[in-house]
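A.B. asks: Residue 14 is where the sequence shown starts when you use our numbering, and the numbers rise one by one after that.
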Amino acid sequence: MNLLMTGGRFMTEKTFNAGPVNLNYAEGPPGGPPLLLLHGICSRWQSFRHIIPLLKNRWHIYAPDFRGHGKSGWAESYRLRDYVPDIVSFIKNCIKEPTVLFGHSFGGMAGIMLAANNPGLVKALIIGDSIISTEYVRGYSRNGRDFSSLWRHLAETESVETIIPELKKQLIPVPGRKGPAPAYIVYGENSRYFEFVAECLSQLDPGVLASDIEQHNEHYREYQTDILLPKVQCPVLLLQGNPDLGAVMRDEDVSKALSLLPKAQHVKIEHVGHWLHLQDKEAVLKAVIPFLESLS
14 MNLLMTGGRF MTEKTFNAGP VNLNYAEGPP GGPPLLLLHG ICSRWQSFRH IIPLLKNRWH
74 IYAPDFRGHG KSGWAESYRL RDYVPDIVSF IKNCIKEPTV LFGHSFGGMA GIMLAANNPG
134 LVKALIIGDS IISTEYVRGY SRNGRDFSSL WRHLAETESV ETIIPELKKQ LIPVPGRKGP
194 APAYIVYGEN SRYFEFVAEC LSQLDPGVLA SDIEQHNEHY REYQTDILLP KVQCPVLLLQ
254 GNPDLGAVMR DEDVSKALSL LPKAQHVKIE HVGHWLHLQD KEAVLKAVIP FLESLS
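1) Please go through the same chain and pick out, in chain order, the residues whose beta-carbon is closer than 6 Å to the beta-carbon of residue 280, but skip the five residues on each side of it.
2) Quick one, are the C-beta atoms of residue 161 and residue 65 less than 9 Å apart?
3) Rounded to whole angstroms, what's the CA-CA distance from residue 241 to residue 140? Just pull it up for me.
4) Sorted by chain position, which residues of the same chain lie with C-beta nearer than 7 Å to residue 170's C-beta, five sequence neighbours on each side aside?
5) Report the rounded CA-to-CA distance for residue 99 versus residue 191, giving the unit in angstroms.
6) For residue 92, which residues from the same chain have a beta carbon less than 6 Å from its beta carbon, with the 5 sequence-adjacent residues on both sides left out?
7) What separation, rounded to the nearest whole angstrom, lies between the Cα atoms of residue 33 and residue 77?
8) What do you reckon, are the CB atoms on residue 83 and residue 37 nearer than 9 Å?
9) For residue 297, does the three-state DSSP call read helix, strand or coil?
10) Please list, in chain order, all residues of the same chain as residue 245 whose beta carbon is under 7 Å from its beta carbon, the five residues on each side excluded.
11) DSSP state of residue 256, grouped into three classes?
12) Work out the CA separation of residue 195 and residue 46 for me, nearest whole Å.
13) Counting only runs that start and end within the stretch 29 to 74, where is the alpha helix (DSSP H) found for 4 or more residues in a row?
14) Can you tell me which residues form a DSSP beta bridge with residue 250?
15) Under 9 Å, do residue 119 and residue 290 count as touching if we go by C-beta distance?
16) Please list, in chain order, all residues of the same chain as residue 202 whose beta carbon is under 8 Å from its beta carbon, the five residues on each side excluded.
17) Using the rule of at least 16 other Cβ atoms within 10 Å of the residue's Cβ for burial, across every protein chain shown, is residue 21 buried or exposed?
18) Output the boundary residues of the alpha helix (DSSP H) element that contains residue 124.
19) Using the three-state DSSP reduction, which class does residue 23 fall into: helix, strand or coil?
20) Tell me which residues share the same chain as residue 184 and place their Cβ nearer than 6 Å to its Cβ, disregarding the 5 neighbours each side in the sequence.
21) Which one of 305, 309 and 147 has the shortest CA to CA distance from residue 270?
22) Among 172, 197, 224 and 187, whose alpha-carbon lies nearest the alpha-carbon of residue 211?
23) Could you check whether residue 258 and residue 285 sit closer than 9 Å to each other, using their CB atoms as the reference points?
24) Could you tell me which residues DSSP pairs with residue 226 in its beta bridges?
25) Closest to residue 44 by C-alpha separation, out of 52, 199, 74 and 23, would be which residue?
26) Return the bridge partner residues of residue 77 from the DSSP annotation.
27) Using CA atoms only, rank isn't needed, just tell me which of 158, 249, 265 and 48 is closest to residue 255.
28) Between residue 71 and the rest of its own chain, which residues show a CB-CB distance below 6 Å, the 5 nearest in sequence each way excluded?
29) In three-state DSSP terms, what is residue 178?
30) Indicate the three-state DSSP secondary structure (helix, strand or coil) for residue 220 in the structure shown.
31) Let me check understanding here. Comparing Cα to Cα, which of 272, 277, 223 and 263 lies closest to residue 247?
32) Have a look at residue 88 and residue 272 and give me their C-alpha separation to the nearest angstrom.
Take a look at the structure:
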């Protein structure tokens, strides 16, 4: 058990046995209603570190590392459907009551599957710039493969010092610019982004990305949003970044989701891309906190 200072009060890092794998998770002070934070692929629970301090005094925060990520155990399989039972077990046996779930990116996709198939476990769902379109998921571009292949290679090195220079050289698409630019130009030479991603990749099981690259369509086979979204009966907040700045939740996806979800609302943050709370925590909290307060 580790005590981690976040925003002046301690988060406690613990281990939960989900059955096939042990999950590392951070837990905030008790007292408020539970709020479960699910990070994106290749990340870890600390991706929420900027917003936890302003949430954990009013909500009981639980923030696990997915299987194969952070300090959680490695597994044999990393299809999207493999992650969901881990979190179902976590809610049933660790949180022990229905929870609000905030999933960013891949975490939101897992949240959709979980809420659709386990309605009694999810009180409300925040989907943070997750891919909604099944066709978009399957349209795995050459750039996407190259990106994942590089990160898989970097995950195999296990050295933060080795990973950072490679991340800085990675070519990133830039809106309004012809052709990509090196990441150090896009994000800034001394951006904390490089250290954080390097730390995530140094702890990541390379098999996470091997599954995504080599079995991509099988990886997401059950992610059929036409079927899943109408089954999500709880209140939902669709939190969208700007697609022109790299967000993956497109405007047409939002329209489709709003037509399929029984109880949904939508907030678009125009000046951020896919990373949402890592880019502007105040804007994200301005959308999230009123939604959370409306549930009580």
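Glycine included, each C-beta is placed from N, C-alpha and C at the ideal position. Since we're looking at a predicted model, the values are computed, not measured.
C.D. replies: Short version:
1) Your numbering for residue 280 matches position 267 in the sequence shown. Excluding residues within five positions, the ones whose Cβ falls inside 6 Å are 252 and 300.
2) In the sequence shown, counting from the first residue as 1, residue 161 sits at position 148. In the sequence shown, counting from the first residue as 1, residue 65 sits at position 52. No; because the gap between Cβ atoms is not below 9 Å, this pair is not in contact.
3) Walking along the sequence shown from the start, residue 241 turns up at place 228. Walking along the sequence shown from the start, residue 140 turns up at place 127. Inter-residue distance for residue 241 and residue 140 is about 14 Å (C-alpha atoms, whole angstroms).
4) As a working note, residue 170 is residue 157 in the sequence shown. Around residue 170: 176.
5) As a working note, residue 99 is residue 86 in the sequence shown. As a working note, residue 191 is residue 178 in the sequence shown. In a straight line, the C-alpha of residue 99 is about 43 Å away from that of residue 191.
6) By one-based count along the sequence shown, residue 92 stands at place 79. Around residue 92: 232.
7) Within the sequence shown, numbered from 1, the residue matching residue 33 stands at position 20. Within the sequence shown, numbered from 1, the residue matching residue 77 stands at position 64. Looking at the two C-alpha atoms, the distance is approximately 15 Å.
8) For the purposes of this step, residue 83 is taken as residue 70 along the sequence shown, with counting starting at 1. For the purposes of this step, residue 37 is taken as residue 24 along the sequence shown, with counting starting at 1. Yes, the Cβ-Cβ distance between residue 83 and residue 37 is below 9 Å.
9) Counting from 1 along the sequence shown, the entry for residue 297 is found at position 284. When secondary structure is reduced to three states using DSSP, residue 297 falls in the helix class.
10) As a first step, residue 245 is located in the sequence shown; it is residue number 232 there, counting from the start. If we look at residue 245 and ignore the five residues flanking it on each side, its Cβ neighbours are 125, 128, 129, 138 and 274.
11) On the sequence shown, residue 256 is found 243 positions in, with the first residue counted as 1. Of the three classes helix, strand and coil, the one that applies to residue 256 here is helix, per DSSP.
12) Here residue 46 corresponds to residue number 33 of the sequence shown, with the count starting at 1. Here residue 195 corresponds to residue number 182 of the sequence shown, with the count starting at 1. In a straight line, the C-alpha of residue 46 is about 43 Å away from that of residue 195.
13) none
14) In the sequence shown, residue 250 corresponds to position 237, counting from 1. Looking at the DSSP assignment, residue 250 forms a beta bridge with 139 and 278.
15) Residue numbering aside, residue 119 sits at position 106 when the sequence shown is read from its first letter. Residue numbering aside, residue 290 sits at position 277 when the sequence shown is read from its first letter. No, they are not a contact pair.
16) The count along the sequence shown starts at 1 and reaches residue 202 at position 189. Excluding sequence neighbours, residue 202 sits near 181.
17) Within the sequence shown, numbered from 1, the residue matching residue 21 stands at position 8. Its pLDDT being 41, under 50, residue 21 is placed unreliably by the model, and nothing is read from it.
18) In the sequence shown, the residue the question calls residue 124 occupies position 111. Looking at the DSSP string, the run of the alpha helix (DSSP H) that includes residue 124 is 119 to 130.
19) Numbered from 1 along the sequence shown, position 10 holds the residue referred to as residue 23. Three-state result, residue 23: strand.
20) Locating residue 184 in the sequence shown gives position 171, where the first residue counts as 1. Result list for residue 184: 193, in chain order.
21) The sequence position of residue 270 within the sequence shown is 257, counting from 1. Here the closest residue by C-alpha is 147.
22) By one-based count along the sequence shown, residue 211 stands at place 198. Closest option to residue 211, Cα to Cα, is 172.
23) Counted from its first residue, the sequence shown places residue 285 at position 272. Counted from its first residue, the sequence shown places residue 258 at position 245. At the C-beta level, residue 285 and residue 258 come within 9 Å of one another.
24) Locating residue 226 in the sequence shown gives position 213, counting from the first residue. DSSP output for residue 226 lists no bridge partner at all.
25) Taking the sequence shown and counting its residues from 1, the one referred to as residue 44 is at position 31. Ranking 52, 199, 74 and 23 by Cα distance to residue 44 puts 74 first.
26) Position 64 of the sequence shown, counted from the first residue, corresponds to residue 77. According to DSSP, residue 77 shares a beta bridge with 38.
27) Numbered from 1 along the sequence shown, position 242 holds the residue referred to as residue 255. For the options 158, 249, 265 and 48, the alpha carbon positioned closest to that of residue 255 is the one of 265.
28) Indexing the sequence shown from 1 puts residue 71 at position 58. Within the same chain, residue 71 has close Cβ partners 45.
29) Within the sequence shown, numbered from 1, the residue matching residue 178 stands at position 165. If DSSP states are grouped into helix, strand and coil, residue 178 belongs with the helices.
30) Within the sequence shown, the letter at position 207 stands for residue 220. Of the three classes helix, strand and coil, the one that applies to residue 220 here is helix, per DSSP.
31) Taking the first residue of the sequence shown as position 1, residue 247 is located at position 234. The shortest C-alpha separation from residue 247 is found at 277.
32) As a working note, residue 88 is residue 75 in the sequence shown. As a working note, residue 272 is residue 259 in the sequence shown. Roughly 37 Å between the two C-alpha positions.
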